[in-house]
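Enquirer: Sharing a structure below in structure tokens format, with a few things to ask.
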Amino acid sequence: MSLPGTRHFLLFLLSIVVLSIIYFQFRVQHIWKSGASAQSIIFFPQGRSANESSPQDKPSNQLPPKKKTANQKKGPKRTTVFIVTQMRSGSSLVGEIFNEHPRCFYYFEPLHSVRYYKDHAHDSPAMQLRMLDGISRCEFGGLDKFLTFYLDTRASHFGGMRKSKMLQKLCRKYNSPKGRVCPIPRDVISDRVGEVCRSANFTVVKTIRVDDIRVFRAIAESRDRTGNDVKIIHLVRDPRGVTSSRLSLDFKDESSFSDSKVNDSKVENLCKWMVRNVQFKDQAKEWLQDRYKLVRFEDIATSPLRVVKEMYAFVGIPPHKTVFRWVKNNTNVTRRIKDPYSQRGNLKETTNSWRDRLTFSAVEKIQGACGEAMRLLGYKSVKDLVQLRNSSISLIGKLDAAVIHV
């Protein structure tokens, strides 16, 4: 080839290289600028709100693949159960029903540590999902500061370590300098908790801090990569009972609560939460198939052993004899229990206590805000004071036939 021809050929190649670089930069900038926020990436398709979903209800992104740590052995497939509810709905009782199983790794309110750690700076949807996903996999790397905060919390009404039999046993293996509740060194706490988690046959997480069960979608759909599964127990309670129980905490010295004590927005939010998370037999999304069950606190109160058997059957774990023993000894206690956070008590009395504590005007206010939730969940309205105070009249009816429940 002549010198002029060679020069033209080289110029031609250089032009192609320059154009390729320009095109590549353009594509990178375009993809970067179109990125969604952390919340929309993790929870919902881009451009949709938390209350909307696409026709397929598919996540816009999956959780990133997890690298196996050096000390992590490949164990058998396992199930993680998420008990999802609202405050004062009986979730501590339901959690304890699983905690009593000797092969259960129980984690009580994990999002408490995310929300209250230091200045609340870490309380984001992404970190909440990271915590829940880590527990479901028994992988706690990078969560050491939350674990230390969670296990060392001394508040008597919380005490995360004391609520889990396996975590309590782990913490007691370490000496307690300066009265620490759980003095596991921070540099090994993630590994130690992970080892205990993996030693169990299944995991149960109880939380009152999940607004929408769709946050579990990414965890459930990671089954193809992990082989693990997710089950969701949606625990509900009569909103009149929930409200009365909450008021008993706020006004400890009062025995009766009028409509002026009832917070309209809190009651509305409670009942909207119930309705938003109810799943129907003919409408449940594919990722929720065989993974969701609604449980009413009142059904546990009236038929505890039957409901316990049904919950364990749903989870796919045989109930242990210690579970039934605990249920028999702690759900029909005759003496008065002063601790409002106790898992023990007379459940039948607890179920109806709101009928003596709320005035009729307060009940009317709650019923007015919760009509749809009460209809779906089988809670009957009262029409006058006589009906309210007559405890021989049952206010627990049948759930809507389409609701997926135990």
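Those letters in the sequence shown? Residues 1 to 406, per the UniProt record's numbering, in order.
Just so you know, even glycine gets a beta-carbon here, dropped at the ideal spot from N, CA and C.
All values reported here derive from a predicted model rather than from experimental measurement.
Give a yes or no on whether the minimum CB-CB distance between R355 and chain C is below 7 Å.
Expert: In the displayed structure, chain C is absent; only one protein chain is listed.
Enquirer: Using CA atoms only, rank isn't needed, just tell me which of I184, M311, V204 is closest to K165.
Expert: Residue numbering aside, residue 165 sits at position 165 when the sequence shown is read from its first letter. For the residues I184, M311, V204, the minimum Cα distance to K165 belongs to V204.
Enquirer: Under three-state DSSP, which class holds I219?
Expert: Here residue 219 refers to the residue found at position 219 of the sequence shown. DSSP places I219 in helix when its eight states are reduced to three.
Enquirer: Please confirm if the segment 86 to 103 is in contact with the segment 352 to 360, defined as three or more CB-CB distances below 8 Å between the two stretches.
Expert: Touching, no.
Enquirer: Could you check whether C138 and M161 sit closer than 7 Å to each other, using their CB atoms as the reference points?
Expert: The count along the sequence shown starts at 1 and reaches residue 161 at position 161. The count along the sequence shown starts at 1 and reaches residue 138 at position 138. No, Cβ-Cβ distance for M161 and C138 is not below 7 Å.
Enquirer: In chain order, what residues of the same chain have a beta carbon less than 7 Å from the beta carbon of K118, not counting five sequence neighbours either side?
Expert: Counted from its first residue, the sequence shown places residue 118 at position 118. Result list for K118: empty, nothing under 7 Å.
Enquirer: Quick one: Cα of A218 to Cα of Q86, how far?
Expert: If you number the sequence shown from 1, residue 218 lands on position 218. If you number the sequence shown from 1, residue 86 lands on position 86. Using only the alpha carbons, I get a separation of about 22 Å.
Enquirer: Measuring alpha carbon to alpha carbon, tell me which residue in L151, K380, T322 is nearest I184.
Expert: Locating residue 184 in the sequence shown gives position 184, where the first residue counts as 1. Checking every option, the nearest Cα to that of I184 belongs to L151.
Enquirer: Check whether the segment 308 to 327 touches the segment 246 to 266, taking contact to mean three or more Cβ pairs, one atom from each stretch, closer than 8 Å.
Expert: Judged by Cβ distances under 8 Å, the segment 308 to 327 makes no contact with the segment 246 to 266, as fewer than three pairs qualify.
Enquirer: Would you mind working out which of V406, F280, N201, S199 sits nearest V295, comparing C-alpha positions?
Expert: Here residue 295 refers to the residue found at position 295 when the sequence shown is read from its first residue. For V295, the nearest C-alpha among the options comes from V406.
Enquirer: So, are the CB atoms of L235 and V196 less than 7 Å apart?
Expert: The residue given as residue 235 occupies position 235 in the sequence shown. The residue given as residue 196 occupies position 196 in the sequence shown. No, they are not a contact pair.
Enquirer: Quick check on DSSP: helix, strand or coil for D282?
Expert: Residue numbering aside, residue 282 sits at position 282 when the sequence shown is read from its first letter. Residue state, collapsed to three classes: coil.
Enquirer: Of all the options T79, F82, G90, V84, which has the alpha carbon lying nearest to the alpha carbon of R246?
Expert: By one-based count along the sequence shown, residue 246 stands at place 246. Out of T79, F82, G90, V84, G90 has the C-alpha closest to the C-alpha of R246.
Enquirer: Can you name, in chain order, every residue of its own chain whose Cβ lies under 8 Å from the Cβ of W287, other than the five neighbours on each side?
Expert: What you label residue 287 is simply residue 287 of the sequence shown in a count that begins at 1. Closer than 8 Å at Cβ, skipping near neighbours: D57, R217, A220, E221.
Enquirer: DSSP state of D400, grouped into three classes?
Expert: Indexing the sequence shown from 1 puts residue 400 at position 400. Reduced to three states, the DSSP call for D400 is coil.
Enquirer: May I have the straight-line CA-CA distance separating V278 from G371, to the nearest angstrom?
Expert: Numbered from its first residue, the sequence shown carries residue 278 at position 278. Numbered from its first residue, the sequence shown carries residue 371 at position 371. Whole-angstrom Cα-Cα distance: 15 Å.
Enquirer: Assuming the contact rule is C-beta atoms closer than 8 Å, K398 and G378 should be a hit. Round their C-beta distance to whole Å, please.
Expert: In the sequence shown, counting from the first residue as 1, residue 398 sits at position 398. In the sequence shown, counting from the first residue as 1, residue 378 sits at position 378. Yes, they are in contact, since the Cβ atoms of K398 and G378 sit about 5 Å apart, within 8 Å.
Enquirer: In chain order, what residues of the same chain have a beta carbon less than 8 Å from the beta carbon of H30, not counting five sequence neighbours either side?
Expert: Taking the sequence shown and counting its residues from 1, the one referred to as residue 30 is at position 30. The predicted position of H30 is uncertain, since its pLDDT is 40 and thus under 50; no value can be drawn from it.
Enquirer: For N332, does the three-state DSSP call read helix, strand or coil?
Expert: As a working note, residue 332 is residue 332 in the sequence shown. Three-state DSSP puts N332 in a strand.
Enquirer: Just confirm the distance between the C-beta atoms of T351 and A401, as a whole number of angstroms; I'd bet it's less than 8 Å.
Expert: In the sequence shown, residue 351 corresponds to position 351, counting from 1. In the sequence shown, residue 401 corresponds to position 401, counting from 1. Not a contact, Cβ separation roughly 23 Å.
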